[in-house]
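**Student:**
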Amino acid sequence: MKQDKVKLLIIDDDPKVSWILSEGLQGDFEILSARDGIEGIQVASTEKPDLILLDIKMPGISGLEVLAKLKKADLRSEVIMLSGHGETKYVVESIQQGAAEFITKPFDVKEVEIHIQSALEKSRLRQELSHLKDELKAKSQYDSFIGDSQAMLDVKNVIEQVADSELTVLIRGESGTGKEIVTRMLHSLSSRSKNTLSKVNCAAIPRDLLEAELFGYEKGAFTGAHRTKPGRFEVANNGTMFLDEIGDMPLELQSKLLQVLEQHEFVRVGGINNIHVDLRIICATNKNLEEAIGNQLFRDDLFYRLNEITIYLPPLRDRKDDIPLLVEHFLDKYVSLYKKNVPPLSREAVARLMEYDYPGNVRQLENLIKQVVVREDEKIIEELLLRGRQIQTARSYQPARQPLGVPVAAGGIDNAEMSENAEPDYSLKRRVSKAVSYEEKKLIAEVLNKVNWNRRKASEILEISYRSLLYKIKDYRINEIK
Ligand SMILES: Nc1ncnc2c1ncn2[C@@H]1O[C@H](COP(=O)(O)OP(=O)(O)OP(=O)(O)O)[C@@H](O)[C@H]1O
Ligand SMILES: [Mg+2]
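FYI, the working numbering numbers position 238 of the sequence shown as 238, with every residue one higher than the one before it.
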């Protein structure tokens, strides 16, 4: 196979140098030349040469400045610096700035050729490495998405097809089925993976704070808005925005989200100027959005816009074939994490695990295996499954689990949320006291957020003393979310 010629750009103000190199290197190279730094940068960015020979001393901007600009522009060209006598002091700086080689004038064309081959070899290795890294990154994300049931193979297929597109994806499925993992894969397999993946849980932020959180606000937009603050959409610009629990987004904000999807712009709370963003949006929900549309809680135009592609993650009970692989994966994961010595589970234990229905889906199975590893004993599976079943029965006549409802970092009573394997607590005293604490923490966090964490003001609104507020903030581990 005939290889394309290597494209070489010579940036030097001395026409003799360009001429000697052009004559000597012709044949194997396609040679371009520029007489100064500015022209050089221009040619480099339009022609994207494989290699640049760059003189250090030139009128106008120096070779080192040109080098810095080329590297900043993320041009892939390898750069060889050319220097006159007595300029070797620039060697270190050039190499630090990313030059591949350094040649001192006067030079012999043969010598230049050797440096060129060496720079090209470096470039090839670098490209190979970056390619391998990309592949490895995508693969490790991929490997951790376990499942070879037909349903999961179909999901993987869709992920591969749509990851690197701008399509808005809606991920649906019960709690614990892997919606967040799928989001991370979509992001990491996309060309936005170099930028951030930002997540907002629409159910975890009080309705009246969600708008400011997502869209930001202008100074003075409301009491406590002491300064202009960009919202999450702005901060995530150029990346992917994951809107979790989209079914909980209040109706009033849905039209604003639609505008982001359709026009890629929005206005901050209290603002007048449109802010433009370039974002890929992924949403997830375990709610029945069609029903919400029927009840006029969700806009149908937004639904169709979000739904360009839907990925449905079936509950684990409908793809039990995946259980053995998942068990093996979680066992490996926790054995190496906790440095325990647990053999593979017996066939009977796996069979037993396959009989169960997992209301908490993969998350519940993962928690269960984690406990087996921690206690180094597969015999506890029976006990854990029994407990899981008790929780399931208790839940069937309990109201649905409330979302936490407050934008606070995890603290003590957050753990009051039922873990899939915990024993339900029927003590009236304890349950009431937990409920009171929950409400207290929720209210305090809400007020603190409203007044921008002005604790004095918050204590006045809450009608408690300043000291007692400080104590409660500490006790409940309420943290300011920045
Ligand atoms: N296919 C899978 N392979 C490996 N791990 C998985 C898979 N699906 C889910 N998990 C694991 O199960 C746990 C729950 O998954 P995830 O958080 O993605 O669920 P979710 O659908 O977002 O749940 P929720 O609706 O409650 O937020 C995570 O620890 C995740 O790593
Ligand atoms: Mg989730």
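C-beta atoms are modelled at their ideal positions from N, C-alpha and C, and glycine is treated no differently.
Are the C-beta of W19 and some C-beta of chain D separated by less than 8 angstroms?
**Tutor:** Absence of chain D from the displayed structure is noted, only one protein chain being present.
**Student:** Mind checking who V327 pairs with in its DSSP beta bridge?
**Tutor:** Partner(s): none; V327 has no beta bridge.
**Student:** With A284 as the anchor, note down where its beta strand (DSSP E) starts and where it stops.
**Tutor:** Segment 280-285, the beta strand (DSSP E) holding A284.
**Student:** Of the residues E378, Y438, F298, S188, which one's Cα is nearest the Cα of V162?
**Tutor:** Among E378, Y438, F298, S188, the Cα nearest to that of V162 is on S188.
**Student:** Which of helix, strand or coil does DSSP assign to A292?
**Tutor:** Residue state, collapsed to three classes: helix.
**Student:** So E252 and R232 are supposed to be a Cβ contact under 8 angstroms. How far apart are they, rounded?
**Tutor:** Actually they are not in contact, since the Cβ atoms of E252 and R232 sit about 17 angstroms apart, beyond 8 angstroms.
**Student:** What are the start and end residues of the alpha helix (DSSP H) that includes D154?
**Tutor:** Here the alpha helix (DSSP H) through D154 covers 150-162.
**Student:** Would you grab the beta carbon distance between L170 and N307 for me? Rounded to a whole angstrom, and I think it's under 8 angstroms.
**Tutor:** With a Cβ gap of about 5 angstroms, L170 and N307 count as contacting.
**Student:** Rounded to whole angstroms, what's the CA-CA distance from R456 to V200? Just pull it up for me.
**Tutor:** If you take the alpha carbons of R456 and V200, they lie about 29 angstroms apart.
**Student:** With H, G and I counted as helix, E and B as strand and the rest as coil, what does DSSP make of Y43?
**Tutor:** What sits at residue 43 in the sequence shown is Val, not Tyr. In this structure, V43 counts as helix in the three-state DSSP scheme.
**Student:** Have a look at V91 and D28 and give me their C-alpha separation to the nearest angstrom.
**Tutor:** The alpha-carbon atoms of V91 and D28 are separated by roughly 27 angstroms.
**Student:** List the whole-angstrom C-beta distance separating V447 from A435, where the pair is believed to meet the contact cut-off of C-beta under 8 angstroms.
**Tutor:** V447 to A435, Cβ: 19 angstroms. No contact.
**Student:** Examine ligand 1 and report whether any of its heavy atoms sits within less than 7 angstroms of the Cβ of N286.
**Tutor:** Yes, the beta carbon of N286 sits closer than 7 angstroms to at least one heavy atom of ligand 1.
**Student:** Out of T177, A100, K370, which has the shortest C-alpha to C-alpha gap to P359?
**Tutor:** With distances taken between Cα atoms, P359 lies closest to T177.
**Student:** State the Cα-Cα distance for the pair H276 and A236, rounded to the nearest angstrom.
**Tutor:** Cα to Cα, the separation comes out at about 12 angstroms.
**Student:** In terms of residue numbering, what span does the alpha helix (DSSP H) encompassing V436 cover?
**Tutor:** Segment 428-450, the alpha helix (DSSP H) holding V436.
**Student:** Taking the beta strand (DSSP E) that K7 falls in, what are its first and last residues?
**Tutor:** Run containing K7: 6-11, per the beta strand (DSSP E) assignment.
**Student:** Who does E30 pair with in a DSSP beta bridge?
**Tutor:** BP columns for E30 point to K7.
**Student:** Can you determine whether any heavy atom of ligand 1 sits closer than 7 angstroms to the C-beta of T228, and answer yes or no?
**Tutor:** No, since every heavy atom of ligand 1 falls outside the 7 angstroms radius drawn around the Cβ of T228.
**Student:** Could you tell me how far apart the beta carbons of Q371 and G388 are, in whole angstroms, since I believe they sit closer than 8 angstroms?
**Tutor:** Incorrect: roughly 11 angstroms between the Cβ atoms, too far for contact.
**Student:** For I489 versus L51, is the C-beta distance shorter than 8 angstroms?
**Tutor:** No information on residue 489 is available, as it lies outside the stretch 1 to 482 that the chain covers here.
**Student:** Could you please give the first and the last residue of the uninterrupted beta strand (DSSP E) stretch that includes I20?
**Tutor:** Careful: I20 lies outside any beta strand (DSSP E), inside the alpha helix (DSSP H) at 15-25.
**Student:** In angstroms with no decimal places, state the Cα-to-Cα distance between S346 and H329.
**Tutor:** The alpha-carbon atoms of S346 and H329 are separated by roughly 15 angstroms.
**Student:** Among R352, I95, L313, N341, which has the Cα closest to the Cα of N361?
**Tutor:** Looking at the Cα atoms, L313 is the closest of the given residues.
**Student:** Along the chain, where does the alpha helix (DSSP H) that runs through S459 open and close?
**Tutor:** 455-462 is the span of the alpha helix (DSSP H), which, as asked, contains S459.
**Student:** Give the range of the alpha helix (DSSP H) segment to which T183 is assigned.
**Tutor:** Segment 179-188, the alpha helix (DSSP H) holding T183.
**Student:** Quick one: grab the DSSP three-state call for S144.
**Tutor:** Residue state, collapsed to three classes: coil.
**Student:** By DSSP's criteria, N201 is part of a beta bridge. Which residues make up the other side?
**Tutor:** Beta-bridge pairing links N201 to D244.
**Student:** Shortest alpha-carbon distance to E93 belongs to which of R76, S62, A73, L75?
**Tutor:** The candidate whose alpha carbon is nearest that of E93 is S62.
**Student:** Rounded to the nearest angstrom, what separates D154 and L325 at their Cα positions?
**Tutor:** When rounded, the distance between both Cα atoms is 17 angstroms.
**Student:** Are the beta-carbon atoms of I323 and L353 separated by less than 8 angstroms?
**Tutor:** Yes, these two residues count as a Cβ contact at 8 angstroms.
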